[in-house]
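So the structure is just underneath, and the comments pick up after that.
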Amino acid sequence: MDNVEFEKLEWMKDLPSPRQKKTKKGMQARFSLKGELIPADADLPTHLGLHHHGEEAERAGYSLQELFHLSRSQVTQQRTLALQVLGRIVQKARAGEFASSLKGSILRLLLDAGFLFLLRFSLDDAVDNVMAASVGALRALLVSLDDEKYLDWTFSWYQGMAAFPFVPNNEEEEEEEEEELNGTEKSQDKKLKDENKPDPDVARYDVVKGLLKTRIQHRLRYILEVVRPVPTVVLDILHILTHIARHSSEACNQLLDCPRLIETIVREFLPTQWHPQVAEPGCLLTSLHGVACATAMKFIRVLASGGRNATARLLNKFEMKSRLSRFIAEDPLDLLLPREEAIRLSTEAFRLWAVAAGYGQACDLYRDLYPVLVRILQSLPELLSTCRGKSPMIELSVQRATAVVTLLINVTQTAGYTAELQAKLSSNSSEDSEQIPPPPVAWNQVSGLQPFLETSLKKFLQEISQTETWQTLQPLTTTYVIYLGVYYSACSQQPSVNPIDCLEELERLTSEVLQPLLSQPAIHSMWDLLRPCSALCNPLSCSPAPESVSSIASLSCTGGKPPLSLVGSKSPFPFLTALLFLINSITHIHKGLTIKYSSVLGFRGLKDYLHQSWQMRPPSVTPSSAWILRHEYHLQYFVLALARRMAGTCPDYAQHASLHHCVAMALLSRLLPGSEHLAYEVLLDLAFNPEFLPEGKAGGPEAADFSDILHLGTSAKLAQPGSAAAFFSKATRGALLRESYQNLPFIRSCYLSHFVHLQPTFMCSQAFYQGRNYLIQSMLLPEVKGPILPSDWPFFPLISLYNKVTNAETRGAVLNSLPLDLVNTVTWNLQWVLLLETWRAKTLQSIPTAAKLARLMCVFLTGSDLFLEAPIHRYTAALLSVYCQPKALDSLNLDAPLPGLASFHDLYISLLEQFEGVSFGDPLFGVFVLLPLQKRFSVHLRLSVFGEHTSILQALGVPLQQFPVPLERYTSPPEDNLNLLRLYFRTLVTGALRHTWCPVLYVVAVAHVNSFIFSQDSTTQEIDAARKSMLRKTWLLVDETLKKHLLYYRLLNAESPLGFDLYEQLPPVRLKYLQMVTQRK
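Be aware that the sequence shown starts at 155, since it is given in this note's numbering, and climbs by one per residue.
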């Protein structure tokens, strides 16, 4: 005992002060108990409890590794504390607080380390505190309350009720699982694979799907029903369930099928009566059980968005219809709840009813609650005075009023088709089709509400110049305008309504409300705000958050969006979209009023916005961008729809035509799944409309001819008389453009027929946009993996035909002759591409030049002699001349991956084989074979010609004078691949490559061999021996002409019949080197 063991007392010493390591290597991150990052050099006192005996004992805080270790401790307090701290770290990471301080993603690091399943195991802990901490951390990981806030904000926008599912867009998973299956087989196969995969593998790509595989819904039900935790935990669980319900219809069904989950939530958190003490000021709730909760109502509403069947089950089996009556019939002020909670609960009840009415369900409640709705509508103008008084509850009250009007929009749409469904039901012609019963609400029951809403709208529009008041009331005013658009669209189709009365009402609305509104300075300011608030013009506004992970779908709204953004508080998009929707509804019904709205397309702010938006590269499609872009595309579509009506009636419209056509072309390649109806309308009425291609009437073909004659920066050899293109005809590019312009109706029919594969999704989309609620199956839009149409959709008929022929040949069938309609199809496709390349070249800039050439190669790979058809040959030659312009050649990159093409090398090999079999020495085909052989592209392409396919050298007879590409692109820089140089020399010496057979490649081979044999640069012994050997063999050649070309080649000369100039006598340096090499032997 007398011996003091000092080493065992080391831990009692004072800690040394932390020192910053003098190294560039990063230091381990440490966090406080609040989840805050502690600076590496922070000297904190020990009484804060942040020091421990782990690594780097002098540094305060806990590393992630240490927190993981503590979360598995046998001490309950340590497990609880670790999970709480991890939850706070996740919360701050998602808010972006560590983005500038830490390297890499904390969320990705945690998920890779198994954080998700740590939380899932902790949920099963018997200790309430541990379980509560894991629920809080899971909520922090999955749920962004700001995302939910903005989704609620956009709920009442035009088509805002429909939303994209929260399914992560994982390209990696698709690549790993790419199989030969497609369509239904592929989806079923994927489902089976997910069922057979381990839970961590599924969660790696999709966290929600992984959690559902662990049956998390059953555990959460147990916690709510049996454990009955404190209110905070209950709210966290409801938020988690809401996020899961947003994932997909399948997730909604799993939640609905979970035994007693929905019953527990409805019984415990949406009771019809509860203790009045809850509403007393200052009352602190110790339990949410037995008290009505707005968050629970919101979960039911999101669940109902998953599908019409889910909604029917909720309304009937789970008795939500009676709950709706209970919470809607009573004014929020009379509900025994805190004021804010009461308004939120009423708002969510109206939203749930609106979703149900969106399927044509729960409309029988409309008759029962009609007096309540009238009372609410009569009270809406009072919001104006409340708004001026700046009441703290005004925003919640406006949201509730907005939900009420959204409900009326859906009920009105449903009632609008009652007469039509009734007629179908009573007619005998529809016996074979499915009988859809008419909804229990008729047009005369909804038409009486329109005066209330229009009166309120007029009062609210008077406040448009008062910035603060208008900003508060804009959401409600927006829904008023949408309501009028829906009302008049439905009204015009009612057999019971006098059409003349309807037209007179529209004239009155135009003259008394809309025309004065359009002349307001505040509206001018709104158009000017389009560009600064646009997501297309400001792509960073919808980019993923710094801590976004691919396995958790997020809208990246954490921290809020700036006021000047598309979903910001100052955004003009919701109101202007609604206004354009109303104007389109009016002009569709009353064509004579179209001219009254001509000023809309003339607004400077709108023109500036359209001009910039179509030229900008759109943001990549992610969950954080798709939901925003969808709303922006709605506004653009309505502008274009109005433009289409103006084109036929307004004499001054032509000045806008080109701009609107460019916008239409850009929109076609951007529209997202769920908007197939809009894409069809743009294809049908805008893209191929001659009114939007004024160049066809205003000298466009003549200008193209003049450009070719003057050679204005173009290599137009293939379009000139006497060229390969003129083999069948003397048609100029102007004549081809004129013919293409005249064929626009046929071109349109061709493209529409090739997009018939979109028919099923088009029908679903059409039901949404036409308000056919009885056909809508789900408020969840299709999963987003990219735009509806590929960026190269102008080439789609050609690609489709090539795939059809290729698939037929794969099965052993041979298509020797192609029917006339296929020849026409290819011709119309080429005509359309030629029109775009000439008059709308910028709209095709997103397609790489290499991809365009690859698509054109399909002309030669389809059928045996399709390319020899006169019109196809002419248009292919004209397009080739466009792609052989210097700028296009400079941008040509065959080594980069091309969209829709697995390997350009494989495509090129197919082209060589086709040329060998059916080319007939066609010069145009020959140019396509020669184009990829330029020096800057892969040497494997040249090796394939000179190694395996030398037989084509006898037929590649493209004359030098007709070849549109400068030969310098083939000869510079000198070839350095020894194998290819040997092949060049062998084909020349053996006579396989001759000037009379293949002048272009003869010049290329001679130039490279000459450069090689006379090169005296220092190099490896093997290459030096090879070039000297080749030079000696050249000297000994019997063919004097070839010998002269190889030895006396000087430089390229396009004017020379040979294609190059020769030395009269060798320069002294070369002569001396030749003598040295040949005499040494």
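Glycine residues also receive a C-beta, built at the ideal position from the N, C-alpha and C atoms.
Contacting residues, own chain, Cβ-Cβ under 8 Å from residue i (five flanking each side not counted)
| i | result |
| --- | --- |
| C804 | T748, I749, S752 |
| E339 | With a pLDDT of 49 at E339, under the threshold of 50, the predicted position of this residue should be treated as unreliable, and no value is reported. |
| S1064 | L1015 |
| N336 | Note on N336: pLDDT 45, under 50, position unreliable in the model; no value is reported. |
Cβ neighbours of residue i in the same chain (closer than 6 Å, five flanking residues each side left out)
| i | result |
| --- | --- |
| R1140 | none |
| S584 | Residue placement at S584 is poorly supported in this model, since its pLDDT is 47, which falls under 50; the coordinates still yield a value, given next. Once the five neighbours on either side are set aside, the close Cβ partners of S584 are K578. |
| L366 | Q408 |
| L657 | H744 |
| S1238 | Outside the displayed range of the chain (155 to 1235) lies residue 1238, so it cannot be described from this structure. |
| G925 | Q567 |
| P855 | G888, L891, R892 |
| R1123 | Q1088 |
| L1185 | I1167, V1231 |
Proximity test, residue i beta-carbon vs the ligand MN heavy atom, cut-off 7 Å
| i | result |
| --- | --- |
| S1126 | What this structure holds is no ligand at all, so the ligand MN is not there to describe. |
Proximity below 8 Å, CB of residue i to CB of residue j
| i | j | result |
| --- | --- | --- |
| L683 | K724 | yes |
| V836 | L794 | yes |
| L718 | C687 | yes |
| R989 | L891 | It should be noted that the sequence gives Leu, not Arg, for residue 989. Going by C-beta atoms, L989 is nearer than 8 Å to L891. |
| L550 | E622 | no |
| M451 | L506 | yes |
| I398 | V362 | yes |
| P1086 | L1095 | yes |
| V1081 | V1112 | yes |
| L273 | L292 | yes |
| L1033 | I1026 | no |
| P777 | A689 | no |
| G189 | E701 | no |
| V980 | L955 | yes |
Own chain, CB closer than 7 Å to residue i, minus 5 neighbours either side, in chain order
| i | result |
| --- | --- |
| D278 | R373 |
| W768 | C816, V817, A820 |
| V1223 | none |
| Y312 | I636, T731, A732, F735, H788 |
| S227 | R233 |
| K1182 | V1231 |
| Y1227 | F1168, Q1170 |
| G876 | Residue confidence is low: G876 scores 36 on pLDDT, short of 50, so the model does not pin down where it sits. Its coordinate-derived value is still stated next. Correct list: empty, nothing qualifies. |
8 Å Cβ cutoff, residue i in contact with chain B
| i | result |
| --- | --- |
| L409 | The structure shown contains no chain B, having only a single protein chain. |
Of the residues the options, the one placed nearest residue i, counting alpha carbons only
| i | options | result |
| --- | --- | --- |
| F949 | R926, L912, I901 | I901 |
| L527 | F481, I548, E494 | F481 |
| Y359 | I1167, D348, L672 | D348 |
| G602 | L822, Q182, P592, Y520 | Y520 |
| S710 | L305, S665, I590, H831 | L305 |
| L943 | D1019, F1074, F916, Y928 | F916 |
| G1213 | R1204, P1221, Q1219, Q647 | R1204 |
| E536 | W597, A483, L611 | L611 |
| A1042 | D1049, A995, L1020, L1061 | A995 |
| F922 | P322, E786, G514 | G514 |
| D975 | V938, S903, T1030, L998 | S903 |
| P592 | C517, A885, L1010 | C517 |
Distance between beta carbons of residue j and residue i, contact taken as under 8 Å
| i | j | result |
| --- | --- | --- |
| E617 | L630 | The pair is not a contact, with the Cβ atoms about 11 Å apart (cut-off 8 Å). |
| V1083 | L1110 | 6 Å |
| L789 | F727 | 6 Å |
| G828 | A316 | 7 Å |
| A503 | L523 | Not quite, the Cβ-Cβ distance comes to about 11 Å (not below 8 Å), so this is no contact. |
| V509 | S402 | Not really, about 17 Å apart at Cβ, beyond 8 Å. |
Runs of alpha helix (DSSP H) lying entirely within the segment 748-832, each at least 4 residues, in chain order: The qualifying runs are 758-769, 777-803, 808-822.
Every unbroken beta strand (DSSP E) inside the segment 1013-1047 [3 residues or more]: Within the segment 1013-1047, not a single complete beta strand (DSSP E) segment reaches 3 residues in length.
Contained alpha helix (DSSP H) runs [length at least 4] in the segment 526-609, N- to C-terminal order: Runs of the alpha helix (DSSP H) inside the segment 526-609: 536-542, 548-570, 572-580, 597-600.
Ordered list of alpha helix (DSSP H) runs contained in the segment 1097-1178, each at least 4 residues: With a minimum length of 4 residues, the continuous alpha helix (DSSP H) runs that stay inside the segment 1097-1178 are 1122-1125, 1132-1144, 1153-1167.
Inside the segment 368-397 only - alpha helix (DSSP H) runs reaching at least 4 residues: For the segment 368-397, whole alpha helix (DSSP H) runs of length 4 or above, ordered along the chain, are 370-376.
Those runs of the alpha helix (DSSP H) which lie wholly inside the segment 217-300 and span at least 4 residues: Complete alpha helix (DSSP H) runs here, min 4: 218-225, 230-248, 260-266, 269-277, 282-296.
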